[in-house]
Amino acid sequence: MSIKFSVPIFDIKNLNFIIKGQTILSNISLEIFTSEYIAIIGPNGGGKTTLVRMLLELEKPSGGEVKIYGKKLSNFKEWHKIGYVPQRASHVDSSFPATVLDIVKMGRISQGGFFNSFKDEDKRAVHDAMLKMDILDLQNKMIGTLSGGQRQRVMIARALASKPQILILDEPNTGVDVASQKNFYALLKKLNKEEKITIVFITHDIGVIADDITRLFTINQKAIICNNPKQTLSCQEMSELYGIDAHLLHNHRHEH
Ligand SMILES: Nc1ncnc2c1ncn2[C@@H]1O[C@H](COP(=O)(O)OP(=O)(O)OP(=O)(O)O)[C@@H](O)[C@H]1O
Ligand SMILES: [Mg+2]
Numbered sequence: 022m023s024i025k026f027s028v029p030i031f032d033i034k035n036l037n038f039i040i041k042g043q044t045i046l047s048n049i050s051l052e053i054f055t056s057e058y059i060a061i062i063g064p065n066g067g068g069k070t071t072l073v074r075m076l077l078e079l080e081k082p083s084g085g086e087v088k089i090y091g092k093k094l095s096n097f098k099e100w101h102k103i104g105y106v107p108q109r110a111s112h113v114d115s116s117f118p119a120t121v122l123d124i125v126k127m128g129r130i131s132q133g134g135f136f137n138s139f140k141d142e143d144k145r146a147v148h149d150a151m152l153k154m155d156i157l158d159l160q161n162k163m164i165g166t167l168s169g170g171q172r173q174r175v176m177i178a179r180a181l182a183s184k185p186q187i188l189i190l191d192e193p194n195t196g197v198d199v200a201s202q203k204n205f206y207a208l209l210k211k212l213n214k215e216e217k218i219t220i221v222f223i224t225h226d227i228g229v230i231a232d233d234i235t236r237l238f239t240i241n242q243k244a245i246i247c248n249n250p251k252q253t254l255s256c257q258e259m260s261e262l263y264g265i266d267a268h269l270l271h272n273h274r275h276e277h
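22 is the number of the first residue of the sequence shown in my numbering; add one for each residue after it.
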């Protein structure tokens with residue numbers, strides 16, 4: 022069930038992305054509303070990352086339009102409302118010269134909280150984000166010396182430090198152990214339910230979160246929107262129609 026308000030956070034109309042003569046995304050129209058928890062699935066190369074990058078003005082569409090809070094992207098200035106953890110964000114060089122604390126502080130830069138003018142409010146937001154992600158004890162370590170899973174938690178803490186209203190996560194948990202993943206999913210659910218943060222989560226792990234999400238988008242050049250992710254059969258039929266491995270959806274549900 023999705024909660025619908027009159028102005029969606031993202032309003033995407035007829036979006037196309039064509040590069041070097043190849044159509045990557047074709048005629049994508051969808052809306053994302055406040056308090057939703059959306060999972061995006063689809064095969065490798067299906068265009069998930071490209072779609073999200075267009076939402077954030079990091080990639081220019083070949084056609085169509087994205088509105089954010091009712092505004093054209095080019096007129097939108099409040100980027101601190103959007104927390105984004107890109108795919109492979111945690112792949113940093115082992116000698117990268119920054120501590121965990123430095124990295125999380127970067128999440129405050131868009132709000133004017135530069136390193137030398139850090140206000141109490143900035144400090145609190147950084148502390149809260151590290152507490153949520155359970156990395157307070159790592160704060161003085163060099164980022165490059167951490168494990169992959171720990172680094173991912175740092176990248177999410179950086180996104181949370183800006184106190185976002187919407188959190189966009191592009192496969193943030195690849196390679197994270199099962200116990201940490203469980204905690205991570207519980208955290209996302211809590212952020213969505215208790216703090217009302219809208220979540221857009223690109224994942225290949227749909228079964229585990231199927232009960233938490235409000236809607237499921239399948240992206241493979243086109244978008245298939247599933248308004249009731251618990252009714253996997255109709256989603257499966259639609260997914261098959263577009264050549265997407267629906268077993269990903271189906272099998273996990275039965276294991277769950
Ligand atoms: N700037 C670009 N130049 C050339 N090709 C691009 C560009 N951006 C995206 N593509 C192509 O678009 C396709 C979709 O890529 P994208 O990264 O969006 O897929 P994805 O669904 O995120 O895949 P994965 O699950 O592997 O992360 C790929 O074939 C990719 O090579
Ligand atoms: Mg991707």
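Backbone N, C-alpha and C fix where the C-beta goes; we use that ideal spot for every residue, glycine too.
Between the stretch 32-47 and the stretch 199-209 there are fewer than three inter-stretch CB-CB distances shorter than 8 Å, so the stretches are not counted as touching. For Met176, the three-state secondary structure derived from DSSP is helix. Shortest gap from the CB of Thr44 to any heavy atom of ligand 1: 7 Å or more. Pairwise C-beta distances place the stretch 135-155 out of contact with the stretch 94-114, as fewer than three of them are shorter than 8 Å. For Ile234 against Pro185, the beta-carbon gap comes to about 18 Å, at or over 8 Å, which does not count as contact. In the three-state scheme derived from DSSP, where H, G and I count as helix and E and B as strand, Asn248 is classed as coil. By the Cβ-count criterion, Pro82 is buried, with 16 or more other Cβ atoms from all chains shown falling within 10 Å of its own Cβ.
Setting aside the 5 residues that flank it on each side, Leu212 is surrounded in the same chain by Ile218, each with a C-beta closer than 6 Å to its C-beta; the list follows chain order. Of the heavy atoms belonging to ligand 2, at least one sits nearer than 7 Å to the Cβ of Gln108. Look at the beta carbons and you see the stretch 223-239 touching the stretch 53-72: at least three pairs across the two are nearer than 8 Å. Separation of Met163 and Arg179 (C-alpha to C-alpha, rounded to the nearest whole angstrom) is 15 Å. Relative to ligand 1, Lys69 has its C-beta within less than 7 Å of a heavy atom.
C-alpha of Ser138 to C-alpha of Ser47: approximately 45 Å in a straight line.
Contact check for Gly63 against Asn194 fails: the beta carbons are separated by 8 Å or more.
Distance check between Ser116 and each of Gly91, Met176, Leu167, Lys140 places Leu167 closest, using alpha-carbon atoms only. Asn249 and Val229 have their C-alpha atoms spaced approximately 16 Å apart.
Taking 7 Å as the cut-off, one finds no heavy atom of ligand 2 near enough to the beta carbon of Asp226. Out of Met75, Phe54, Asp158, the CA that lies nearest to the CA of Leu122 is found in Asp158. Distances from the CA of Ile177 to each of Leu209, Leu76, Leu51, Arg74 were compared; the closest alpha carbon is that of Leu209.
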